[in-house]
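Asks: What follows is a single structure, and I will ask about it in a moment.
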Amino acid sequence: MVVLIIILKIYMLFVILVMAIYTFRHNFFTLNRVFGEQKLYYQDIIDSELMELSIIIPMYNEEKTAPHILDLLMKSDYPASKMEVLPVNDSSTDKTKEILDSYALKYPIIKPIHRKSENRGKVPALNETLKIAKGEIILVFDADYLPGKGMLKDLALAFKDPKVCSVMGRVMLINTSKNLLTRMLDLERTGGYQVDQQARYNLGLIPQYGGTVGGFRKELVLSLGGFDEKILAEDTELTFNLFIKGWDVAYANRLECYEEAPEEWKVRANQIKRWSRGHNRVLFKYLLPVITTKHLNFYQKLDGVLLLFVYLIPFIFLLGILDSIVLFFTGEMNLVNYVIVYLLVGMYVTFGSFAPFYQIGIGAFLDRTSNRIRLLPFFFFVFVFNMWFISQGFIESVIDVISFRKVTWHKTKRYRKEEATAAK
Amino acid sequence: MNFIILILIFAFFIFLPFVPGIIELLAPADDKPLPVKDYSRDARYFGGSFRRILKDSFQRDGFEKNISEIKLSSGLEKIEIISSDFNSYEKNMDHVLLVSGNLTSKHNSNFNKEIYIKGNAYFGNNNIIRAAAVDKNVEINETAKIIRWLDANGGIKAGENSYLGISASCGEKLQLSNGCRFRRLFGNPILTLQDTSKVDYGLMDSERTDINNTSISTYFNEIINEDMRYDEPAIINGNLIINGSLEINNEFTINGDIKAGRNITVKNAKNVNFLGNIISDKTIRMSGNIKVYGNIFAQEEIELEGVEVGNINKTKSVISKKKLILGKNVVIYGFVLTEGIGIVG
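Heads up: the protein sequence lines correspond to chains R and A, in order. FYI, in the working numbering the residues of the first sequence are 1 to 424. FYI, in the working numbering the residues of the second sequence are 1 to 345.
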C-alpha cells in the first residue's frame, strides 16, 4: 500500500509538471503571435513558370459535396494546362460516380478514379492515386472543402523553396452558426491555425501538414514509400517523416479555405477518436526518430516531442484526476514539497487552464471578431468531452499495435443540404 | 440557512462566467463564418480596379458636366473631367481628376485625390500625388511623392529621391534613380540605371557557362547542416539546401534551386548563374555579374548590385521582409516587394 501511495504521488507530480510544460508552450505561442516576428509565406511571389499540379480529392458517398468543390476548382486561376483533378471515388454507393463522370465529360482535366478495392479509405486511395498522378506537386482537398480562386497558385508557390516538401493552408468553418458544437469548433480552429500553427511556423518549429488544403512533393513521398496504411493520421505521419529527414512544412495562414464541421456531438466524438488513434500511432512510430535525428535542433525536437504527445496528454490528465481522487480519499494529498506543488498548481490555475483560451482569444482578436469569445467558458465542457474520447482513441491505438488488427477509415458525416447535381 | 446562502453564492459565481456565452447563444451577435479572402493575385490591381470603377461610372452616370460625382471606396467624391491636355499650376487639387490628354504639373503641386490620365504624365519636383492611373508614360521628378499607388500602361521614370508609395506598377520599363524609395514595384523590367542603353551585363551570354543545354533537375540532394563556401569555380547540378550560410566568391553556376537557413553572399563574382530560385531565412547579398533565372526571396534583407533577374518572357520576383536595397546595374523582369524599407542606392 505504501509503495502504491508513493507511485500515485509521483504520478501526481508528473501530471502537474506536464501541465506546466504545456502551459508554457501555449502561452509562448500566443505571445509570439502577438509580439513576435511573423515569418513571410511565399504567396507574394509572382512567377510566370508554374509547376504541374495533381489535385487529389478522396471521396466516399460525396454526392452532396462533389459538385461544389469541382465547380470551384474549375474557377481557379491556375492554368488548366498545368493541372489535373483526380477525384477518387472510393466505392461510393450513392450518385458520386455519375456526378464525377458528368464532370469528366465537360472538363477533360477532371479524371475520376473509381476504386473497387476492398482496401477502402483515404490512405490506400492516396497511395494508389500517387502512382498515376502526373503532377510534380500533389495537392489534397477533402470533398467538403471550398477552395478559393487563387488557392492552388498560392499553395504551389511554397514549393519554389527546395526545402519545403509540404504545405498547409488555414481551415475555417462554413457552418459556424449551426449550433454550440460548430461554434466551439470554429473557435478551436481559430486558436489552432491563427495562433498555434503560425507561431510554430514563425519560430521554425514543427508546423503540421493537415491532410487537406495542402500538398506535398510527389517524388519525395513516393521515395519514402508512400503513406503507412496502418496509420489513420497520414497527415501527421508525413509531417514527422519529412522533418526527421530535414525537410520543411510551410504554413500559409492567409490561404483560407472553408470546410464543413460536424454538427452532432456523436459525429465529433468519432472524428476526434479517429484523430487520437492515428496521432498516437505516429507517436509510437516517430518518438525515437524525432529525438535522435541529426536534422532537427533542440527546440524543434522539443516541439516535436510535445506535439507527438498532444493526443496522449488528455489520457495522462484523466488518470491524474483519478489519481487525485484516490489520494484525496486516502488522506495522502500531502505531496513532497508544498511550496513546489503550490507554485506548479498556482501556475497552472493562473495561466495553464486558460492557456488555450488565450490562444483562441488572441486568434479571434487577430481575426477581428470579438463577440464569439464570449463562448470561451463553454470550453470547460469541450475539454471534458475531448479528454474522454481522445483517451478512448489512445486506448484503441494501443490495441492496434498489440493486436496487429487492420485499421479502417470511417468517413465523417456531411450535412450539406443541396441535392446532387451533375455538371452544369 | 447560512449554508444555503453560501451554496447559492457559490453557484452564482460558478454560473456567472457562462452568462455572456448564454446571451451570445440566445441572441447571436457574432456567429457568421469568418470571411475568406477569395482573390486572384494581380500586381497591377490598384490601377486596374480604379480604371474599372471609372469605366462603370461612365457607363452608368455619363458624366456630362465638367464637374460631376463618383463613388470610390472612400465615399462619394467630386470628379473634374478635362477633355484636353492639362497643365497644373494649382498648389492643391482636392478632387478626382480625369484628363483625356497629357498632364504636366509644376513643382510643389499636391494632388490630394486620385487622378486618371489618358495620355502621358509629368509630375514636377516635390509633387505629392495620392494615386494615379496613367494610360501612357509617367515621369516623376525629384523628391516627388506618391502616397498610395501609381500605375501606368506605358513606362515609369522615377527621379532621384522620389517616393513610390505602396505600389508602383507599369506595363513597360520602370526606371529608378538613386534614392528612390518603394514598397512594391512591378515592371518589365525594373531598372536601376538612368539610361537603359548603358546597362552593362558584364559578360555576353555566349561567354557565360553554357546553361542552355541543361535543365533544372528535381531530384533531392542531401541536406547540408553546415556553412558552405565556394572560392573556386563551380558548376552544380541539383538543389543546394544548406542549414547554414552560403558564400560564393568565384565563377559559379547552379542548375537548381538554393535554400540557406542563414545568409547567402555573392561577393563581386563574375559569371555567376542561378537557374533556379534563391531563398534564405536571413539575408541575401549579391554583387558582381550575376544572372538569376528564378525568384529571390529572403525573410530579412536583400541587397543586389549587378544582378539580372528573369527575362522578358519570364516574370520573376524579388521579395524581402525587412529591407531591400537595389544598387547599380540591377534589372528585374517582374515584381519587387518588401514589407519594410525599399531603396535604390
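Note that the Cβ used here is the ideal one computed from N, Cα and C, for glycine as well.
Rounding to the nearest angstrom, what Cα-Cα distance links Y42(R) and N295(A) in this structure?
Replies: Distance between the alpha carbons of Y42(R) and N295(A) is about 11 Å.
Asks: Hey, how far is the Cα of P262(R) from the Cα of P58(R)?
Replies: Using only the alpha carbons, I get a separation of about 18 Å.
Asks: Check the Cβ-Cβ distances between P377(R) and every residue of chain A, and say whether any is below 8 Å.
Replies: Output row for P377(R): interface = yes.
Asks: Taking Cβ-Cβ distances shorter than 9 Å, what residues in chain A pair up with I69(R)?
Replies: Residues of chain A passing the Cβ test: none, with the nearest at roughly 14 Å.
Asks: With H, G and I counted as helix, E and B as strand and the rest as coil, what does DSSP make of R148(A)?
Replies: The answer is strand: DSSP assigns R148(A) an E or B state.
Asks: Hey, does T218(A) have any beta-carbon neighbour from chain R nearer than 8 Å?
Replies: Confidence in T218(A) is poor, its pLDDT being 41 and thus under 50, which makes the residue's placement unreliable; the coordinate value appears in the next sentence. With 8 Å as the cut-off, T218(A) counts as an interface residue toward chain R.
Asks: In three-state DSSP terms, what is T104(A)?
Replies: Correct three-state label for T104(A): strand.
Asks: Quick one: does D77(R) have its CB under 8 Å from some CB of chain A?
Replies: So yes, D77(R) belongs to the interface.
Asks: Do S162(A) and V151(A) count as a contact pair if the criterion is CB distance below 8 Å?
Replies: The sequence as given places Asp at residue 151(A); Val does not occur at that position. The answer is no: Cβ separation not under 8 Å.
Asks: For A234(A), decide whether its Cβ has a neighbour in chain R, counting only Cβ atoms nearer than 8 Å.
Replies: No, A234(A) does not count as interfacial toward chain R.
Asks: Taking 8 Å as the CB-CB cut-off, is S287(A) touching chain R?
Replies: So no, S287(A) is outside the interface.
Asks: Output the residue ranges of the beta strand (DSSP E) runs that lie fully inside the stretch 26-114 of chain A and measure 3 residues or longer, sorted by chain position.
Replies: Segments of the beta strand (DSSP E) lying fully in the stretch 26-114 of chain A: 67-72, 75-82, 86-88, 96-99 and 103-105.
Asks: How would you call I313(R), buried or exposed, if buried means at least 16 neighbouring beta carbons within 10 angstroms?
Replies: When all chains shown are included, I313(R) counts as buried.
Asks: For E264(R), decide whether its Cβ has a neighbour in chain A, counting only Cβ atoms nearer than 8 Å.
Replies: No, E264(R) does not count as interfacial toward chain A.
Asks: 8 Å is my cut-off, CB to CB: does T214(A) come that close to chain R?
Replies: At T214(A) the pLDDT is 46, less than 50, meaning the model places this residue with poor confidence and gives no usable figure here.
Asks: In three-state terms, what does DSSP make of Q43(R)?
Replies: Correct three-state label for Q43(R): coil.
Asks: Count Cβ pairs between the stretch 320-332 of chain R and the stretch 273-291 of chain R that sit closer than 8 Å; are there 3 or more?
Replies: The stretch 320-332 of chain R is not in contact with the stretch 273-291 of chain R.
Asks: Determine, using beta carbons only, whether Y311(R) comes closer than 8 Å to chain A.
Replies: Not closer than 8 Å to any Cβ of chain A, the Cβ of Y311(R) fails to qualify, so no.
Asks: Just to confirm my understanding: we take L445(R), look at its own chain, exclude 5 residues before and 5 after, and list those with CB closer than 8 Å. What are they?
Replies: Nothing about residue 445(R) can be reported from this structure: the residues present for chain R run from 1 to 424 only.
Asks: Answer yes or no: the CB of G155(A) versus the heavy atoms of the ligand COA, is any distance below 7 Å?
Replies: The ligand COA is not part of the structure shown, which contains no ligands of any sort.
Asks: Pair every Cβ in the stretch 120-129 of chain A with every Cβ in the stretch 35-44 of chain A, then say whether three or more of these pairs are closer than 8 Å.
Replies: No contact exists between the stretch 120-129 of chain A and the stretch 35-44 of chain A.
Asks: In angstroms with no decimal places, state the Cα-to-Cα distance between I279(A) and A298(A).
Replies: Rounded to whole angstroms, I279(A) to A298(A) spans 6 Å at the Cα level.
Asks: Please report the distance separating the alpha-carbon of L232(R) from that of V19(A).
Replies: Near 39 Å, if we compare the C-alpha coordinates of V19(A) and L232(R).
Asks: I need the straight-line Cα distance from N138(A) to K113(A), nearest angstrom please.
Replies: Residue identity check: residue 138(A) is Val in the sequence provided, not Asn. When rounded, the distance between both Cα atoms is 17 Å.
Asks: Could one say the Cβ of F182(A) lies closer than 8 Å to chain R's Cβ atoms, at least one of them?
Replies: False, the Cβ-Cβ gap to chain R never drops below 8 Å.
Asks: Can you give the Cα-Cα distance for D235(R) and K328(A), rounded to whole angstroms?
Replies: Distance between the alpha carbons of D235(R) and K328(A): 47 Å.
Asks: When the Cα atoms are used, what is the spatial distance from F14(R) to E229(R)?
Replies: Rounded to the nearest angstrom, the two C-alpha atoms are 34 Å apart.
Asks: Using beta-carbon positions only, say whether G306(A) and I290(A) come within less than 8 Å of one another.
Replies: Closer than 8 Å, so yes.
Asks: Take S317(A) and list the residues in its own chain whose beta-carbon comes closer than 6 Å to its own, dropping the five residues that flank it on each side.
Replies: If we look at S317(A) and ignore the five residues flanking it on each side, its Cβ neighbours are N295, G334 and F335.
Asks: Pair every Cβ in the stretch 365-385 of chain R with every Cβ in the stretch 177-191 of chain R, then say whether three or more of these pairs are closer than 8 Å.
Replies: Touching, yes.
Asks: Which class does P207(R) belong to by DSSP, given the choice of helix, strand or coil?
Replies: Reduced to three states, the DSSP call for P207(R) is coil.
Asks: Can you list, in chain order, the residues of its chain whose CB lies under 7 Å from that of P112(R), leaving out five sequence neighbours each side?
Replies: Counting only Cβ-Cβ distances below 7 Å, and skipping sequence neighbours, we find P87, N89, L100, D101 and A104.
Asks: Could you check if G340(A) is buried or exposed, using at least 16 other CB atoms within 10 Å of its CB as the buried criterion?
Replies: G340(A) comes out exposed.
Asks: Looking at C-beta atoms only, is the number of pairs between the stretch 286-302 of chain R and the stretch 241-258 of chain R that lie closer than 8 Å three or more?
Replies: These segments touch.
Asks: Below 8 Å CB to CB, which residues in the same chain sit around Q38(R) once its five sequence neighbours on both sides are set aside?
Replies: Taken in chain order, the residues that qualify are Q198 and N202.
Asks: Sorted by chain position, which residues of the same chain lie with C-beta nearer than 6 Å to E301(A)'s C-beta, five sequence neighbours on each side aside?
Replies: These residues qualify, in order along the chain: T283, S320, K322 and K323.
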